[in-house]
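*Asks:*
Number of protein chains: 2
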Amino acid sequence: MGVFSKTCEYAIRSVFFIAHRTASGNRVGIKEIASGIDSPEHFLAKILQDLSRKGIVQSAKGPNGGFYMDDAALKRPLADVVEAVDGKSIFTGCGLGLAYCSETNPCPLHHEFKAIRNQLKDLLEQTRIIDFSENLNLGITKLKK
Amino acid sequence: MGVFSKTCEYAIRSVFFIAHRTASGNRVGIKEIASGIDSPEHFLAKILQDLSRKGIVQSAKGPNGGFYMDDAALKRPLADVVEAVDGKSIFTGCGLGLAYCSETNPCPLHHEFKAIRNQLKDLLEQTRIIDFSENLNLGITKLKK
DNA sequence: TTAATAAAAGACCAAAAAGTCTTTTACTTT
DNA sequence: AAAGTAAAAGACTTTTTGGTCTTTTATTAA
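As you go down the protein sequences, you meet chains A and B in turn.
Each step along the first sequence adds one to the number in this note's numbering, with nothing skipped, and position 118 is 118.
If you want this note's numbering, it's the 1-based position in the second sequence plus 1000.
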């Protein structure tokens, strides 16, 4: 089990992939995305349908259709993708799963955990999707297994 | 989904609970642990059997039996509990689930993620179980929902 | 030495996450 | 208008995680 669910991992990877391919105004089909990020095609289709409904990515049916991202989507922080898929509990939840854990009623890990969680939050909130895809353009980072 | 699995959350909470009660040399039964940390009794029993097999906690059957922790167990780092239950992938795995992600072949989040993961690792490795249970003694932190 | 106690073991069930497959809808080009 | 294309939708299956229940084994104290 990772920090993100498998669904969310695929979502992030596909968003990076689409952002990368879409910069030039193109659209890209699921088959290509799925093979580009090493994910099950039909499973990814469902994830992208969801992301599309939520406005994280855009899509068009029919010939020359596919997925793409408009300018607003490219400028969104990665946190929006994560929150759309896994919810915001990752940014706020107690490390030990305690519902009433808080500043005034902390679990033994509360303060230490909060610091780490906030760093993850900052990372995801302060970096835009387009920022990450820059390194993909340079061929420095990759999205396949 | 949190950082740890539900099983791991219960494991950590129960270990803290046992550590807290065991300081005075006592043993504590599952019923008491389960109600003390708000967990399903039989599910916790299985978790503790496993932790006992792995030497994270000690146990004794029969009257006056129960779970306890010897000195060596109390001085173990929390990381040992987490690793026993969730494995070490949490300390080393790629944030995007990529098997071949590494320093020389990094995913777009690799470096930023590594920094955060290492902090979690340090926290869990550098603090002993007994250190956490001190605050429980003082009544500052708690283990219930 | 037997009755009570408490963990160990294992069979079983439920829910959620992950993944597959088929059909439908929308769009575009000829 | 028709044929082809590609996403949307939805039914379905599998696997993993989380959880329950019953039986067995070991221990101890009367």
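From the three backbone atoms N, C-alpha and C, an ideal C-beta is built for every residue, glycine too.
How long is the line joining the alpha carbons of A23 of chain A and N105 of chain A, rounded to whole angstroms?
*Replies:* Looking up residue 23 of chain A in the first sequence gives position 23. Looking up residue 105 of chain A in the first sequence gives position 105. One C-alpha to the other measures close to 47 Å.
*Asks:* So, with DSSP's three-state summary, where would you put Y10 of chain A?
*Replies:* For the purposes of this step, residue 10 of chain A is taken as the residue at position 10 of the first sequence. If DSSP states are grouped into helix, strand and coil, Y10 of chain A belongs with the helices.
*Asks:* So if DSSP puts A60 of chain A in a beta bridge, which residue, or which two residues, is it bridged to?
*Replies:* Within the first sequence, the letter at position 60 stands for residue 60 of chain A. In the DSSP output, where bridge partners are listed per residue, A60 of chain A has A:G66.
*Asks:* Is V1003 of chain B helix, strand or coil by DSSP?
*Replies:* Taking the first residue of the second sequence as position 1, residue 1003 of chain B is located at position 3. Of the three classes helix, strand and coil, the one that applies to V1003 of chain B here is coil, per DSSP.
*Asks:* Find the nearest neighbour of P1063 of chain B within the set B:T1007, B:G1139, B:L1123 and B:V1028, judged by alpha-carbon distance.
*Replies:* The residue labelled residue 1063 of chain B in the question sits at position 63 within the second sequence. If we check each option's Cα against that of P1063 of chain B, B:V1028 comes out closest.
*Asks:* Buried or exposed: G1036 of chain B, going by 16 or more other Cβ atoms within 10 Å of its Cβ?
*Replies:* Here residue 1036 of chain B refers to the residue found at position 36 when the second sequence is read from its first residue. That one is buried.
*Asks:* Do F1004 of chain B and G87 of chain A have their C-beta atoms closer together than 8 Å?
*Replies:* Here residue 1004 of chain B refers to the residue found at position 4 of the second sequence. Here residue 87 of chain A refers to the residue found at position 87 of the first sequence. Not closer than 8 Å, so no.
*Asks:* Could you tell me whether the Cβ of N1135 of chain B comes closer than 8 Å to any Cβ of chain A?
*Replies:* The sequence position of residue 1135 of chain B within the second sequence is 135, counting from 1. Output row for N1135 of chain B: interface = yes.
*Asks:* Quick check on DSSP: helix, strand or coil for R128 of chain A?
*Replies:* Taking the first sequence and counting its residues from 1, one reaches residue 128 of chain A at position 128. DSSP places R128 of chain A in strand when its eight states are reduced to three.
*Asks:* Using the beta-carbon count (16 or more within 10 Å), is P1040 of chain B buried or exposed?
*Replies:* Taking the first residue of the second sequence as position 1, residue 1040 of chain B is located at position 40. Label assigned to P1040 of chain B: exposed.
*Asks:* Name the chain A residues that come within less than 9 Å of E1103 of chain B, Cβ to Cβ?
*Replies:* For the purposes of this step, residue 1103 of chain B is taken as the residue at position 103 of the second sequence. Here the premise fails: no neighbours, minimum Cβ distance about 12 Å.
*Asks:* Taking 8 Å as the threshold, find out whether the segment 51 to 59 of chain A comes into contact with the segment 78 to 93 of chain A through three or more Cβ pairs.
*Replies:* Taking 8 Å as the limit for Cβ pairs, the verdict is that the segment 78 to 93 of chain A does touch the segment 51 to 59 of chain A.
*Asks:* Given this structure, state the Cα-to-Cα distance separating S102 of chain A from S89 of chain A, to the nearest angstrom.
*Replies:* If you number the first sequence from 1, residue 102 of chain A lands on position 102. If you number the first sequence from 1, residue 89 of chain A lands on position 89. The alpha-carbon atoms of S102 of chain A and S89 of chain A are separated by roughly 14 Å.
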